[in-house]
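For the record, in the sequence shown the residue sitting at position 6 is 32 according to my numbering, with numbers rising by one throughout.
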Amino acid sequence: MYGDAKIVEFSGRRSATYQDALATYSNAWRSDIACMARFLDPKRGEKVLEIGAGNGYFSVAIAELIGADGLLVATDPSVDQLSALEADAEHGNIRVVQATAEELDIDCRDFDAVWSRGAIHHVANKTAAFGRLSECVRPGGRMVIADIFAGTQLARYFDSVIARTCCTGHEVAFLSREFAESLCALTGWNTPSFHDVTTPWEFDRREDIGHFLHLLFSAKDGITPDECLDAADRFLSVTLTSSGWALMWPMTVMTTTRANFS
Ligand SMILES: C[S@@+](CC[C@H](N)C(=O)[O-])C[C@H]1O[C@@H](n2cnc3c(N)ncnc32)[C@H](O)[C@@H]1O
């Protein structure tokens with residue numbers, strides 16, 4: 027079953043090296059946290075639902091912004107991915123739920139916002155997923171999806187490089203803007219807006235970028251960090267900054283709100 031295959035994909039080595047990447051280079055995604063804060067804008071006391079939370083890099087930041095009176099429900103189908111967050115979830119305002127977006131079944135129906143980053147392209151049945159999310163969010167509630175969209179340079183990088191070099195392959199379905207608009211219309215969301223957002227992934231040394239990508243995308247045996255760096259340099263942009271080196275990461279951020287019930 028496709029859903030089971032996804033659970034396997036982010037288990038074991040794939041999940042362990044993903045976590046290693048973020049533990050070793052914990053500041054690499056500082057600008058992505060700022061991007062989340064800008065578009066999701068979590069407010070104190072809000073209830074936020076996170077889809078494909080992984081090991082909780084964004085969950086912890088969201089939980090801090092909503093404060094002790096807020097609630098973050100962090101979901102992901104992979105037990106391995108969620109294990110670090112589960113151990114850390116004694117913050118009190120994080121609840122961890124193991125589920126795919128398509129099969130999400132939680133009692134809460136009045137979330138203020140949904141956040142998902144880098145996960146929707148792994149969701150096999152996006153119509154079911156958008157429908158489930160719309161049931162969980164109050165009218166006017168926000169949905170922010172930061173992801174790789176079809177036809178972009180980032181999609182070309184994944185299809186040309188990551189699909190060949192990741193130890194699990196990369197069998198996914200990137201959203202197009204047109205399909206995302208249709209999904210929103212079909213499942214109770216207002217017409218979405220799309221934003222091209224390039225964030226710098228920040229490192230001290232140029233070679234750190236190759237090492238980070240080698241871990242993050244669990245490179246197959248025989249693929250070196252230098253090869254990962256070269257491929258990123260060919261498809262994306264690797265630049266010298268005032269404080270070190272950056273890999274420029276060009277994502278798409280989709281924002282929409284839950285339509286009012288008629
Ligand atoms: C690239 S990781 C992103 C994790 C995290 N959001 C981040 O930015 O670090 C993709 C995540 O999507 C999850 N995923 C895969 N299939 C999914 C599905 N059907 N529904 C929800 N999440 C899924 C994976 O388990 C994985 O943790």
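Where is the CB? At the ideal position from N, CA and C, for every residue including glycine.
It should be emphasised that the depicted structure is a prediction, and the values quoted were computed from it without experimental measurement.
Figure out for me which residue from the options has the closest Cα to the Cα of residue i.
i, options, result
"T213", "R168, S85, W227 and A285", "A285"
"M280", "S186, C61, N53 and G38", "C61"
"S92", "G78, Y83, V74 and D106", "Residue identity differs from the one stated: residue 92 is Ile in this sequence, not Ser. Cα-wise, what sits closest to I92 is V74."
"D185", "F243, V123, A87 and D114", "F243"
"E128", "V149, M274, C210 and F200", "V149"
"L97", "E72, V105 and D247", "E72"
"L255", "L266, S269, H240 and S268", "H240"
"D230", "W271, T43, D67 and V86", "W271"
"A155", "H196, F65 and C210", "C210"
"S57", "A113, F36 and F84", "F84"
"V123", "V99, T250 and N81", "V99"
"R70", "E76, A89, T43 and L266", "A89"
"I110", "N81, D131, A94 and T194", "Position check: residue 110 holds Ala in this sequence, whereas Ile was assumed. Cα-wise, what sits closest to A110 is N81."
According to DSSP, is residue i part of a helix, a strand, or is it coil?
i, result
"C193", "coil"
"P165", "strand"
"E207", "helix"
"P226", "strand"
"R135", "coil"
"A272", "strand"
"A257", "helix"
"L241", "helix"
"T283", "strand"
"S288", "Only weak support is given to the placement of S288: the predicted model assigns it a pLDDT of 49, under 50, and the question is left unresolved by the model."
"F200", "coil"
"T267", "coil"
"V187", "helix"
"I249", "coil"
"R143", "strand"
"T153", "helix"
"R158", "helix"
"T213", "helix"
"A125", "coil"
"I235", "helix"
"A113", "helix"
"A181", "helix"
"A31", "Residue placement at A31 is poorly supported in this model, since its pLDDT is 46, which falls under 50; the coordinates still yield a value, given next. A31: helix per DSSP, three-state reduction."
Less than 8 Å between the CB atoms is what I'm expecting for residue i and residue j, so what's the real figure, rounded?
i, j, result
"V264", "A257", "Going by Cβ atoms, the distance from V264 to A257 rounds to 11 Å, so no, they are not a contact pair."
"G166", "T283", "6 Å"
"M277", "V223", "6 Å"
"K152", "L201", "7 Å"
"P226", "M274", "6 Å"
Check whether chain C comes within 9 Å of residue i, counting only Cβ atoms and requiring the distance to be less than that.
i, result
"D58", "This model lacks chain C altogether; it includes just one protein chain."
Length at least 4, wholly inside the stretch 33-110: the alpha helix (DSSP H) runs in chain order: 38-50, 56-66 and 83-92
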